[in-house]
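Undergrad: In the working numbering, each residue's number is its place in the sequence shown (first place is 1) plus 150. Using N, Cα and C, we set each Cβ at its ideal position, and we do this for glycine too. Please read all numbers here as calculations on a predicted model, not as lab measurements.
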Amino acid sequence: MSTLLRSIAIRAVLGDGSVLALSELDWDVSRFARAAAFTFKAPLAIADAAGVIALFGGGARIALEILADSTGWSRVLLGRVDRMRWDAAGGMLMCEGRDLGALLLDYRIPDGYLNRTSSEIAISVANACGLAAQVIPTTRMVGQFYQIEHRRLPLLTYSARATAWDLLSELALMEGCHVGLSADTLVFGPLAGAAGVSAMWSCSPGGWTTLLGPPAEQILLSALPEIATDTAVRVRSWNSRQRSLVDTGAAGAMGAYDVMRPNLADDDAQALAQALLDRIRPRSSSVQIVLPGELALSAGDTIGLTGTQTAWDGLYRLDEIERSISVAGGFRQYMTASTLAED
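(1) According to DSSP, simplified to helix, strand and coil, what is S448?
(2) I'd like the list of long-range same chain contacts for Y308, defined as Cβ closer than 7 Å, with 5 residues on each side in sequence excluded.
(3) G251 lies in the alpha helix (DSSP H); which residues open and close that run?
(4) Short of 7 Å in beta carbon distance, which residues of its chain neighbour A449, apart from the five on each side in sequence? Order them along the chain.
(5) Could you give the residue range of the alpha helix (DSSP H) that holds D198?
(6) If we call anything under 7 Å between Cβ atoms a contact, is G251 one with A210?
(7) Which residue's Cα is closest to the Cα of P193: Y263, S435, A162 and G229?
(8) Tell whether a beta-carbon distance below 7 Å holds between A283 and L336.
(9) Taking only the alpha-carbon atoms, compute the straight-line gap between A199 and W177 and give it to the nearest angstrom.
(10) Please report how far the alpha carbon of L426 lies from the alpha carbon of V383, in whole angstroms.
(11) Taking all protein chains shown into account, do 16 or more other C-beta atoms lie within 10 angstroms of the C-beta of I453, making it buried, or fewer, making it exposed?
(12) Would DSSP call A310 helix, strand or coil?
(13) To the nearest angstrom, how far is the alpha carbon of S435 from that of I369?
(14) What is the rounded straight-line gap between the Cα of L254 and the Cα of T313?
(15) Starting from the Cα of G167, find the closest Cα among E174, E215 and C245 and give me that residue.
(16) Among the residues of its own chain, which have a CB less than 6 Å from the CB of D249, if the five just before and after it don't count?
(17) For I475 and L395, I'd like the C-alpha separation in whole angstroms.
(18) From the beta carbon of A252, is the nearest beta carbon of chain B less than 7 Å away?
(19) Check this for me: beta carbons of V385 and A423, under 7 Å apart or not?
(20) Compute the distance between the beta-carbons of P364 and E444, then report whether it is under 7 Å.
(21) Tell me the rounded alpha-carbon separation between G457 and L361.
(22) Based on DSSP bridge pairs, tell me the residues matched to T486.
(23) In angstroms with no decimal places, state the Cα-to-Cα distance between T489 and V440.
(24) Among L175, A213 and G479, which one has its Cα closest to the Cα of A333?
(25) To the nearest angstrom, report how far apart W351 and W358 are at their CA atoms.
(26) Going along the chain, which residues of its own chain have a beta-carbon closer than 6 Å to the beta-carbon of W236, five neighbours each way excluded?
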């Protein structure tokens with residue numbers, strides 16, 4: 151059994167407080183994904199099916215929890231079931247769902263946001279979706295402007311900003327912030343810096359040695375040399391107030407990645423160019439890590455590698471964590487991380 155946890159139990163706590171024992175649970179958390187996805191299997195006899203299945207209806211929230219080494223139940227996800235399949239003869243229920251980020255995907259923005267900052271828009275969206283908000287205040291008005299006003303529009307039919315998540319993701323990119331969900335709380339604020347390293351591994355001919363955090367079974371290193379050596383972002387926009395073209399870029403020479411956005415101010419265009427460059431460049435070096443399952447690491451955490459005596463030595467930010475757990479097969483974890491951008 152590949153796991154740091156000796157004894158494992160899995161369950162779903164349903165909306166009425168009742169408990170459904172699970173046999174398998176997989177969940178995938180990414181700092182870029184729109185919502186964390188999960189699947190689970192649970193034994194379900196015909197006699198119990200009608201009552202249990204009814205509890206998943208109407209967007210009811212469920213909590214997914216695991217019990218490890220009898221240390222108490224730990225909640226790993228709060229979400230909703232989107233699809234279920236039941237093998238009635240075999241007595242097995244299979245469900246697929248997402249965390250509460252699904253609320254942001256399902257919420258269609260009814261109108262633009264007039265004279266608001268990014269943080270004010272984030273709080274307004276959280277309230278509309280029935281979520282708590284953990285938001286760091288921002289100061290500048292954002293969005294398209296008309297005369298003396300700024301208005302952030304959803305542009306439902308004609309733009310990619312059709313949902314609340316699309317809008318918040320673009321605002322977070324421009325502000326250099328992170329947007330995501332923690333249980334039932336919308337988090338909108340700056341990414342954590344490199345001060346707190348959560349895990350560190352050192353390479354030697356015999357394998358990887360754990361200096362901090364959980365042991366790793368395998369670490370693969372990958373690179374995209376062209377991104378690392380010659381990357382530039384160009385943003386263009388027509389400024390209707392000044393009746394002029396805004397044409398700006400990041401990293402010196404224009405070219406490579408061209409982006410067009412309607413009616414941006416000069417500083418918004420420059421901020422967008424730098425934010426896009428900061429997102430692209432870290433992808434030049436990345437690592438994939440396989441390890442026994444654990445619950446301490448989270449997407450966005452900082453990890454480090456040393457001992458390769460190459461450019462891969464350094465700090466990385468965890469982009470994605472996929473965890474798979476079953477009563478029969480144990481607990482495994484797969485992680486992807488990219489180079490930590492310079493602040």
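TA: For this structure:
(1) coil
(2) Bear in mind that the predicted position of Y308 carries a pLDDT of just 39, short of 50, making it unreliable; the figure below should be weighed with that in mind. Once the five neighbours on either side are set aside, Y308 has no close Cβ partner at all.
(3) It spans G251 to D256 - the alpha helix (DSSP H) in which G251 sits, taken as one unbroken run.
(4) V179, S180, R181, L468, D469, E470 and I471
(5) I196 to A204
(6) no
(7) A162
(8) yes
(9) Between A199 and W177, the alpha-carbon positions lie close to 24 Å from each other.
(10) Computed Cα separation, rounded: 7 Å.
(11) buried
(12) In this prediction, A310 scores a pLDDT of 45, lower than 50, which makes its location untrustworthy; no coordinate-derived value is stated.
(13) 13 Å
(14) Within the model, the alpha-carbon separation for L254 versus T313 is close to 7 Å.
(15) E215
(16) If the five residues before and after D249 are omitted, its C-beta is found closer than 6 Å to the C-beta atoms of A185, A186, L227, G229 and L331, all from its own chain and listed in chain order.
(17) 54 Å
(18) Annotation note: the requested chain B is absent from the structure, which comprises a single protein chain.
(19) yes
(20) yes
(21) 11 Å
(22) Answer by DSSP bridge pairing, in chain order: Q438 and E470.
(23) 18 Å
(24) A213
(25) Within the model, the alpha-carbon separation for W351 versus W358 is close to 6 Å.
(26) L243
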